[in-house]
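Here the sequence shown stands for residues -17 to -1, 1 to 141, numbered as in mature numbering (1 follows the signal peptide of the UniProt record, and there is no 0).
Everything on this sheet refers to the single structure shown next.
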Amino acid sequence: MANNLVSIYGLLILVSASTLFIRGATETYTVGDDLGWTVPPLGELTYRTWATEQDFVVGDRIRFEWSGSGTENVVQVNREGYEECRATNSYALSPIETNSPFTYRLNSTETYYFICTVDNHCRLGQRVAIQASSSAASSSLAVALSVILLAINILCLF
């Protein structure tokens, strides 16, 4: 019986410690998940909702995927370019990318803005704003959870 308790407590401690590494590695997110990068059926709300449901951190990669050559593109723009759906020289922060898939790495804690410049796709909602946070801020919940679970485990030993 004592051996079983020690095994259970050991397992709980191991699980608690492993939560420290829940979000240690970078991730690759496909914009829109299964929908991909296209004119969204629900307009701008589609990509806005998708972006707010993610936990982007510095180092993560954003993958834009679409089917068909020349049907879509993606360009990183500044905030004004995003709001006005413009990718002219004063708004564009990168060249227009026409090859799918296209992957972009989030290099700093800031908001990244991307739009499609094909026809009126941007005005129809094919644009996304992505807020990247520092990895330390994102893992604070995991650290707090680990500390609480570790404290409970220690109390259970006595």
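C-beta atoms are modelled at their ideal positions from N, C-alpha and C, and glycine is treated no differently.
The model shown is predicted, which means the values in this text are computed figures rather than measured ones.
*Alpha carbon to alpha carbon, what distance is there between residue 63 and residue 42?*
25 Å
*asked:* With three or more beta-carbon pairs closer than 8 Å as the criterion, would you say the region 25 to 39 touches the region 110 to 117?
replied: Touching, per the Cβ criterion.
*For the region 63 to 79 and the region 40 to 54, state whether three or more C-beta atom pairs, one from each stretch, are separated by less than 8 Å.*
no
_If I measure Cβ to Cβ from residue 29 and keep anything under 8 Å in the same chain, skipping five residues before and after, which residues do I get?_
15, 18, 23 and 108
*Nearest-angstrom Cβ-Cβ length linking residue 40 and residue 97, presumed shorter than 8 Å*: Actually they are not in contact, since the Cβ atoms of residue 40 and residue 97 sit about 18 Å apart, beyond 8 Å.
*asked:* Out of 38, 61, 99 and 103, which one is the CA nearest neighbour of residue 83?
replied: 99
*asked:* For residue 148, which residues in the same chain have their Cβ closer than 6 Å to its Cβ, ignoring the five residues on either side in sequence?
replied: Residue 148 cannot be examined here, being either before or after the span of the chain that is shown, -17 to 141.
*asked:* At the level of alpha carbons, what is the spacing between residue 95 and residue 26?
replied: 19 Å
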